[in-house]
Amino acid sequence: MDFILKQQANNSEARAGLLKTDHGNIETPIFMPVGTAGSVKGIHVRDLKEDIKAQIILGNTYHLYLRPGIEIIEQAGGLHKFNGWDGPILTDSGGYQVFSLGDIRKLSEEGAKFQSHIDGSRHLFTPENVIDIQRKIGADIIMAFDECPPGDAEFDYAKKSLELTQRWLDRCVEQMEKTSPLYGHQQSLFPIVQGASFPELRETAAKHIIEIPSDGYAIGGLSVGEPEKVMYAMIDVVCPILPKNKPRYLMGVGTPVNILEAIDRGIDMFDCVMPTRNGRNGMLFTSEGTMNMRNRKWADDFSPIDSNGTSFVDHHYSKAFLRHLIVSDEMLGAQIASQHNLAFYLWLVKEARTQIINGTFKDWKGEMVVKLAQRL
RNA sequence: GGGGAGAUACCAAAGUGGCCAACUGGGGCGGACUGUAACUCCGCUGACUUUCGUCUUCGUAGGUUCGAAUCCUGCUCUCCCCA
């Protein structure tokens, strides 16, 4: 997996790059739609590719392991064959579930004991078996198994947590070396910087992971409850330490504004459930600001969903019709909203890339951040 | 014609002397959502008021009572059964 840095923006840390994988190239900065259970909720693979223009999607180790089970995915010949997406796939390791399922798991040196949220059955994730699972899923990018502490974690806890994450990372690397891809394409491990909201921990973490030769580096444990300012500050601490010639992935972020701010600070890759989840819940992101489609004011607005939008749905359906679908709880409403939001997110990062290459990113970003924060 | 049941807020439906401006659900109106336990969750929903609070409400007109959505009487309307 190669990364080519195409262009560094003027008076900004923003970069335009090209990440080459065995399943195709990824132009960065990029947004990666989240497909936890192997499916980007409500979206056909064809629309992901042709309409939304996604270049890489996510899957989740924890969810796929519980259902359908890794044996099934192996039998299918890997997740690409199973879900019909032939582009690159990144899998999260389940580290985030250590955070989000906090009530039903226990951490130890060995790993994390989980109870399934589906049936309560007990399972153990270790750095080793999480690598094995991701090998079997066939992810192009495999995430290290980490602990993601909450944004308000105390220093002592955050420090211990980070040290555990670092030891787990070393075990992930070892397991990667001991194992090989099963389906003939290359798989790369991305280490993850933790350290909660403490600059000194973030710095330590970043310096630790760059000792490990990797095709990319991730920043985790942000947008988990801490103020946005803190998130940006942590990015500012970490990015300068990370190697320039490798992609940087900010995990789980975020709002359109978050993404532009992070690109400005040197981040290349993003993922977030926001476009799909908020879409299902009736919220649209556009280049002019956000819209809550449940609001009465759209009831008789027969103009296109987004006249600036790049998706088929933006021009084919009206705001009033979409509102009707969402208010009526019609599943097509959730699909249209998700498709629009994802297309918008992909447009946003592509436009950012263009602006970086043209040398106009900083000004453009300044204007966009104001517009994006508006409520329509 | 005879017998029975019932009328509560936008709808449905609890409440049958004071804890009732009135349970609950729906609908309506807002809000939240960041490596997805989420097509989910949270508010508000008689009027005026920032809050405290005040005022007007339970078909309608009277009455009993310190006090009535709740008890009594008349009236109006609706539904069901039998002819």
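Quick note, the first sequence lines up with residues 0 to 375 if you use numbering that gives the first Met the number 0. No residue lacks a Cβ here, since even glycine has one placed at the ideal position from N, Cα and C.
Measure the CB-CB distance between residue i and residue j and report whether it falls below 8 Å.
i: residue 60; j: residue 83; result: no
i: residue 241; j: residue 209; result: yes
i: residue 355; j: residue 75; result: no
i: residue 73; j: residue 135; result: yes
i: residue 141; j: residue 65; result: no
i: residue 143; j: residue 98; result: no
i: residue 345; j: residue 52; result: yes
i: residue 41; j: residue 275; result: yes
i: residue 337; j: residue 278; result: yes
i: residue 287; j: residue 373; result: yes
i: residue 20; j: residue 139; result: yes
i: residue 238; j: residue 33; result: no
i: residue 253; j: residue 195; result: no
Less than 6 Å between C-beta atoms, sequence neighbours within five positions excluded: which residues of the same chain meet that for residue i?
i: residue 122; result: 113
i: residue 324; result: 331 and 332
i: residue 35; result: 59 and 62
i: residue 167; result: 126 and 144
i: residue 70; result: none
i: residue 300; result: 318 and 319
i: residue 207; result: 165
i: residue 44; result: 83 and 84
i: residue 81; result: 72 and 75
Below 7 Å CB to CB, which residues in the same chain sit around residue i once its five sequence neighbours on both sides are set aside?
i: residue 158; result: 200
i: residue 363; result: 354
i: residue 182; result: 76, 77 and 137
i: residue 326; result: 293
i: residue 91; result: 57, 59, 60 and 142
Going by C-alpha distance, which of the options is nearest residue i?
i: residue 197; options: 216, 223 and 229; result: 229
i: residue 107; options: 298, 77, 217 and 160; result: 160
i: residue 15; options: 266, 46, 207 and 231; result: 266
i: residue 317; options: 340, 329, 335 and 327; result: 335
i: residue 218; options: 206, 80, 350 and 248; result: 248
i: residue 130; options: 119, 172, 115 and 153; result: 172
i: residue 216; options: 10, 268 and 32; result: 268
i: residue 148; options: 174, 191 and 232; result: 191
i: residue 342; options: 13, 4, 170 and 29; result: 29
i: residue 3; options: 243, 270, 262 and 257; result: 243
i: residue 282; options: 18, 39 and 321; result: 321
i: residue 303; options: 214, 110 and 339; result: 339
i: residue 203; options: 193, 103 and 146; result: 193
i: residue 13; options: 38, 312, 235 and 313; result: 235
Under the rule that 16 or more other beta-carbon atoms within 10 Å means buried, what is residue i, buried or exposed?
i: residue 255; result: buried
i: residue 185; result: exposed
i: residue 315; result: exposed
i: residue 226; result: exposed
i: residue 25; result: buried
i: residue 156; result: exposed
i: residue 310; result: buried
i: residue 351; result: buried
i: residue 359; result: exposed
i: residue 224; result: exposed
i: residue 305; result: buried
i: residue 251; result: buried
i: residue 375; result: exposed
Near residue i, what residues of its chain come up, given a Cβ to Cβ distance below 8 Å and the 5 sequence neighbours on each side ignored?
i: residue 349; result: 26 and 52
i: residue 297; result: 290, 318, 319, 321 and 322
Please list the segments of the beta strand (DSSP E) lying wholly inside the segment 114-154, counting only runs of 3 or more residues, in order along the chain.
Correct list: 121-124 and 140-142.
Just to confirm the assignment: which complete beta strand (DSSP E) runs, minimum length 3, are found wholly within the segment 156-220?
Within the segment 156-220, the complete beta strand (DSSP E) runs of at least 3 residues are 187-189 and 216-218.
Ranges of the beta strand (DSSP E) found wholly within the segment 60-99, counting only runs of at least 3
As far as the segment 60-99 is concerned, its whole beta strand (DSSP E) runs of at least 3 residues are 88-91.
Can you list the alpha helix (DSSP H) stretches of 4 or more residues lying completely in the segment 214-289, in chain order?
227-237, 255-263 and 273-279, all fully within the segment 214-289.
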